[in-house]
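Below: the structure, in structure tokens.
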Amino acid sequence: MKTSNHQVDGEGCSWRQTFTDAAGGTHWDHVLVTELLSNSSYRPIHDYIMGAEYVAVARIRQALAEVPRRYLKCIKTDCVVMQDVPKKYRPAVERLLQMSHRDGTPVYRYEEVTGLKGHYREPCMMAEPIRAKAPWRRVEDPVGHCLDGESLLLTGFPGTGKTHLAKRIVEALREHGDTVHIITKTHAAVQNVGLGAQTADHWVRRNVRSGHCSATWLVIEELTQLDTPLWADIACLSMNKKIRFLLLGDFRQLPAVLDSFAGAEVCKELKDSQLLHDLAGGWCHELSERWRFDERIFEFLTWLRVDEPEQARGAVPTNAPQTMRVWPGLRLIGAGGKVQKGTFLTAEAMEGDLVRLESGQCFAGQELLKHTRLCSAITYASVQGLTLRGRVWLYDVESPHFSIKHLYMGCSRATNSELLSVLCTEAWRGWQGFRATPFPGGLPGALRHLLSFARCHSQETLIQASPLASTRRTFEDLLFEANVAAGPNLVMRAFGAVLLTVLSHADEEVSHFCDPEIFPSCDVGARVGRDAPGLWTTNATRLAVKASRSSRFLRVNGRLPPIPHDHEFLLPDEVEAEDKAIISLQAGHDASIAISVGSRIQCVLELERLFEIRYFPEAVDNFQSNWRQALEIVRDRCDCDDGPCPQEFDYGIMVGFGLRLKTHFTWLPKVVELVFRVHRWRNVNHHEAHALMGYFSSPFRSALVLSYDGGGNDGVFNVFLARGQDLWRIARKPLNLGTGYHRLASYLPQVTGASEVGLVACAALEKEGDWIDLKYSFGDTLALGFAGKLMGFSGLSAPSKEVSPWIRRFYERLEHRQNEVPRAMLEKICEGETGAREVAASIQEEFARIVREVLVDYLAELERKRVSVEGIVLTGGCALNVVVNQQVRDTLTEATSDRPNPMKPQDVYVPPAPNDSGLTVGGVWAVSPPAGPRQKLQYLGFQLFDKEVLQSAAEERGAQRLSALGGVDFLAQLLTEKTRPIVAVVRGRQEFGPRALGHRSLLAVPDSPDLRDRMNRLKFRQWYRPVAPMIAEEGLEEVFGHKSFAPSMEFAPVVLEEVRERFPALAHFDGTARHQSVSKGDEPWVHALLLAVGNRTGLPALINTSFNSRGKPIVNTVAESLKMLDELADLDYLLVEGSVALASYHTQRSCGCKWEARPDQSCVPAFGLASGPPVALE
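Be aware that the sequence shown starts at 1, since it is given in full-length UniProt numbering, and climbs by one per residue.
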């Protein structure tokens, strides 16, 4: 929004409003619509805003270049304060006043004021600089030194682990009881450090200028970036003897931007200052062991003489040439002029020497550089503190502003010398400075040394080196050069794999998704998995070379080679090779860790179960300690098939790593290597991991795989074709059903539990139009829980014929990122409870209809191309919608048909963990897909985390074994008592995925309508939430009329009416049941229990819901289980590892409850401990 006193200042605005101030003046607010930047966008918003302000100030200073500095008292982006300007300089001021916008309105207005008093005097330094009174003293043990209460200066080359060591020191100090504050200059460095760090400007304003510093330790990261005014404020703390300082930085890096004090230039370097010596107490420690990059880059950085003065190159013009590579699909950002500043554009096509943008505008090379900038670029000054894990391009090395420090900064951000490239022209490559022998001094010698191992790409070679050339051969690379305003801090751009600049939004569909320097190729038509091209997968070229060499004899001689008789039976190398040990991690919401030996998954740890935080969001606080604790749990408690689990892994997998993740997540591989040894790291695309996990756990050998959710690095709605061991991505759509579904749910107060949501929705009806821009007021993590609630609430009513078409249009508009809500839906919600139910039913109906229509189209296209598939696999977070899954099964497969239909797929499969917790399994199978029988994934979780306290808890409560009480027959008798108790079951390994499947469950007999209400009341859930039955395989046909197999609660068929009358708690209000089918092969203990219950009730079924309370994940500790037993009034019994406990408030019951009695006739709660497997079938 732009506020002005003139109406004409808002050219191009979307709308304006007028207001009058207290003095009677009229003002206008002009609102210009543009795409918002965020921390996950192409360019950090802090750098973007600060860069714009620097340019505005520089433009003013350039216009007033002939005016001496003493007359300019203040220069800001919107005003200039001058005093006592002589007449001879008035023409310069008048030229500034003559500047105007395109519409003719002046840029600046002149006004004389009389409020200023006194005269300004420029400060000068007359005395000699103060030298350090004592030399620096070296420290051998920096951690112990800081714990002893001594300050420290920590320096070293890039990549030597300064930040990593500082984090260790900070954690040790905080454990010691110290209050540690961490500050640094930029937001990027704040995120890289984590641990509650703040920007230095923000911290100084609150703790020095306007407050009291309560810290006992102040950690300053990237100290060279702090300007002199900040050091002046920090110097005020040097007299406080209670504060210690930990200073981190590298004096070889770039200094602070525009560093001056009171208008005077600061000539003295920071490393020679007395202040630095005093803050550190004269103690220093220099790190020298490399961690981040390979040896060639490290040797080059140590070889560079950054501290030596460079040879003067004469006058340097303000405008320096900038280079830009352009190809179809490249994302650009408007820089003003003919392209609105801040808007994102895509280069659509090349037409001769012109570049056509998606907006229809065409520009020549120099004109394009004038009005646009690269989205995926970052300046040398802004890159300090970041690690660029893909290919790094060094631009503008030919610029007269380019220095050895820029070269030092750019090279130190790369992780591998093979991923470092320099952009230059052929004329520059042949420059005589490079022909000196061996390496001349200064910048020419440094560049020649760099090119001895880094790649140099010219205009001719760029076409071959384009990251898109391997997948889109029609693309052309153009190299443009033009004069563009650029200063020393704005001339460097590291093009390519910058983690924060891959995609601006997870749900944004762009022409090219996956930067191949970070992710494997995710183009439509590309094969998925180990043979896929891309940096992170096995080199397919090597396989082709092997095949070519093996056929050379036949090509040359025209006959088959002789067959040796002593080796007639030889297996392929890949079959004979030992199984690889793999660890896979997913660091977004629903974070998880999986380890495997070969393709056999050994265990999966869902971090929400360990830390008891639902969905385990991407939290910054305690990031390293949390992940290290989780990794140690995996190391110590994972149950592997054949003895001890591996401690050393051939592959480490990061799934979807690099998208929307904060900078501190880049340290996750290092955290892993604190616990395990990993030889090689790879990245796997988000939806590829979903598809691989779904297909390779399915019973099919060919399938159409649909992966859809709220977003990943490769889109939101992806379709794959799977045949044998191969998967191909065959389609992608910008159809964000996941975001749309929970966004619509957030406006229903019955779903969110927030009554004010309905008030906001009704108040929004005062706005005009069919589509209303209504604020979305819930965070992503909280909204994850809305989908399941909406699915249950939608079963209470039929859809609204008036609202459904508008819901359909909402989903379609969301493809174009139009988030407005239909008025018709809000009006229906405001009608009351009945209207809200109809809206929920409409949301669900249109969601299902869109999915079915898309699948019908793709199946028809496969049929036209004569491609058949055995089944359909649904995966991704949206595959948790059991209503849609059932409709797909009923309408598109022959699973529920009376007669076989060979034209349809056989069935639908949904994996146990289609949400993001299952991504780690798909990451493992991207490297080592299973070739044998499919592995069952339902019970891959962990045993109780505190199982060691089970013995003492059993003794405290007078334990007895369940087997001594009668095994599952006794438990069935207990469940079928007249009081119809609720029994919690905690046994064996935890379920993998969001469903409770009999190992962490609440069980009851479904023949009473009150039991569903008791279950919901016990879990503090809404009354309409369904409970899921578990049904033995022998009773499926009796319940549904056909055998509806669903071992992981993935479908919701209709229950027969006569069964609903006998067992009213079995079905939801709409007559469906999200059931778990149990066979003897699936889970023998649960199957035996169901049959025992069936002998008493006539139906082998129980109602089942997860054992957790409000806002908590499924339990996995003895302590939490006993706490819930004692505190929840509706919970009657607890079964832990084959043993039963009676709720504490029931202990006063009479002894007619079939428990063993003491001699004094008091009841003994039977809480037994089974030392062996928890299967007791006595």
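Every residue, glycine too, gets a C-beta built ideally from N, C-alpha and C.
Proximity of residue i and residue j at Cβ, strictly below 7 Å
{"i": "Phe1069", "j": "Leu796", "result": "yes"}
{"i": "Trp217", "j": "Arg244", "result": "yes"}
{"i": "Met791", "j": "Asn881", "result": "yes"}
{"i": "Pro1047", "j": "Ser1008", "result": "no"}
{"i": "Ile872", "j": "Val908", "result": "yes"}
{"i": "Val219", "j": "Leu246", "result": "yes"}
{"i": "Ser917", "j": "Asp714", "result": "no"}
{"i": "Ala581", "j": "Phe676", "result": "no"}
{"i": "Ile829", "j": "Val821", "result": "no"}
Helix, strand or coil at residue i [DSSP, three-state]
{"i": "Asp9", "result": "helix"}
{"i": "Ile829", "result": "helix"}
{"i": "Lys167", "result": "helix"}
{"i": "Trp728", "result": "strand"}
{"i": "Arg609", "result": "helix"}
{"i": "Ser804", "result": "helix"}
{"i": "Trp771", "result": "strand"}
{"i": "Leu1056", "result": "coil"}
{"i": "Cys603", "result": "strand"}
{"i": "Trp681", "result": "strand"}
{"i": "Leu345", "result": "strand"}
For residue i, the first and last residue of its enclosing alpha helix (DSSP H)
{"i": "Gly835", "result": "833-864"}
{"i": "Gly1094", "result": "1084-1097"}
{"i": "Trp136", "result": "No alpha helix (DSSP H) contains Trp136, which DSSP labels as neither H nor E."}
{"i": "Asn626", "result": "623-637"}
{"i": "Gln1076", "result": "No alpha helix (DSSP H) contains Gln1076, which is instead part of the beta strand (DSSP E) from 1076-1078."}
{"i": "Asp1013", "result": "1010-1018"}
{"i": "Thr228", "result": "228-235"}
{"i": "Leu950", "result": "950-956"}
{"i": "Cys74", "result": "Note, Cys74: premise wrong, no alpha helix (DSSP H); beta strand (DSSP E) at 72-75."}
{"i": "Pro142", "result": "142-147"}
{"i": "Gly365", "result": "365-371"}
{"i": "Pro1029", "result": "Segment 1028-1032 is the beta strand (DSSP E) holding Pro1029; no alpha helix (DSSP H) there."}
C-alpha gap between residue i and residue j, whole angstroms
{"i": "Asp954", "j": "Leu1122", "result": "In the sequence as displayed, the identity of residue 954 is Ala instead of Asp. Taking the straight line from one Cα to the other gives about 11 Å."}
{"i": "Cys362", "j": "Pro328", "result": "13 Å"}
{"i": "Glu870", "j": "Met903", "result": "10 Å"}
{"i": "Gln602", "j": "Thr199", "result": "43 Å"}
{"i": "Gln725", "j": "Ile1103", "result": "38 Å"}
{"i": "Pro142", "j": "Asp636", "result": "30 Å"}
{"i": "Phe616", "j": "Gly25", "result": "53 Å"}
{"i": "Leu301", "j": "Ala189", "result": "21 Å"}
{"i": "Val502", "j": "Gly758", "result": "Note that Val502 scores a pLDDT of 25, beneath 50, so its modelled location is shaky; the value from the coordinates is reported in the next line. Whole-angstrom Cα-Cα distance: 38 Å."}
{"i": "Pro488", "j": "Leu394", "result": "The predicted position of Pro488 is uncertain, since its pLDDT is 28 and thus under 50; a value taken from the coordinates is nonetheless stated next. For Pro488 and Leu394, the distance between alpha carbons rounds to 14 Å."}
{"i": "Leu940", "j": "Cys640", "result": "10 Å"}
{"i": "Ile1031", "j": "Leu919", "result": "29 Å"}
{"i": "Gln311", "j": "Asn416", "result": "Its pLDDT being 48, under 50, Gln311 is placed unreliably in this model, and the coordinates cannot settle the point."}
{"i": "Leu153", "j": "His101", "result": "51 Å"}
{"i": "Glu1061", "j": "Ala996", "result": "26 Å"}
{"i": "Ser952", "j": "Asn1116", "result": "17 Å"}
{"i": "Ala335", "j": "Arg59", "result": "15 Å"}
{"i": "Arg837", "j": "Gln844", "result": "11 Å"}
Residue range of the unbroken beta strand (DSSP E) whose run includes residue i
{"i": "Cys284", "result": "283-287"}
{"i": "Asp84", "result": "Taken as a continuous stretch (DSSP letters only), Asp84 belongs to no beta strand (DSSP E), as it is neither H nor E."}
{"i": "Asp29", "result": "26-31"}
{"i": "Glu909", "result": "Note on residue identity: the sequence assigns Tyr, not Glu, to residue 909. Looking at the DSSP string, the run of the beta strand (DSSP E) that includes Tyr909 is 907-909."}
{"i": "Gln17", "result": "15-20"}
{"i": "Ile404", "result": "Ile404 -> not in any beta strand (DSSP E); alpha helix (DSSP H) instead, spanning 404-412."}
Tell me the start and end of each unbroken alpha helix (DSSP H) in the region 150-217 that is at least 4 residues and wholly inside, in chain order. Runs of the alpha helix (DSSP H) spanning 4 or more residues and lying entirely within the region 150-217 occur at 162-175, 187-193, 200-204, in chain order.
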